[in-house]
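Structure record follows, encoded as structure tokens.
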Amino acid sequence: MHDLTGFQRDLLYVIAGADQPSGQTVKDEVEKYYSSEINHGRLYPNLDTLVNKELVEKGQLDRRTNYYAITDAGRNRIDERREWEQQYVDF
1 MHDLTGFQRD LLYVIAGADQ PSGQTVKDEV EKYYSSEINH GRLYPNLDTL
51 VNKELVEKGQ LDRRTNYYAI TDAGRNRIDE RREWEQQYVD F
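Numbered by UniProt numbering, the letters in the sequence shown go through residues 1 to 91 in order.
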């Protein structure tokens with residue numbers, strides 16, 4: 001995860017917690033957390049980065065709507081991050 005921005009990590013977590021969300025669904029969830037609007041020019045290039053790093057898979061729901069799904073590599077990155085975090089924070 002060290003090579004991802006905080007925003008990209010947040011996107012990865014949202015995608016991991018949903019069942020093939022659309023880009024709009026991911027945007028809505030992240031906006032709730034950030035309490036501010038996320039523009040498309042920020043969202044989609046960062047989603048594409050996750051796809052290019054093979055952490056997320058992108059597919060089509062229909063001609064206008066894409067979905068995103070966590071890959072095994074993405075899930076492994078989240079697991080590794082959680083293990084690292086637990087070294088320092090154990091609640």
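By construction, the Cβ of each residue, glycine as well, lies at the ideal position given by its N, Cα and C atoms.
Inclusion of A73 and L47 in the CB contact set at 7 Å is not warranted, their separation being larger than that value.
When only Cα atoms are considered, G23 and W84 end up about 29 Å apart.
Secondary structure remark: continuous beta strand (DSSP E) runs of at least 3 residues inside the UniProt domain "Transcription regulator PadR N-terminal" (12-79), in chain order: 56-60, 66-70. If the five residues before and after Q8 are omitted, its C-beta is found closer than 8 Å to the C-beta atoms of N46, T49, L50, all from its own chain and listed in chain order. Contact between E29 and V14 is confirmed by a C-beta separation of about 5 Å, below the 8 Å threshold.
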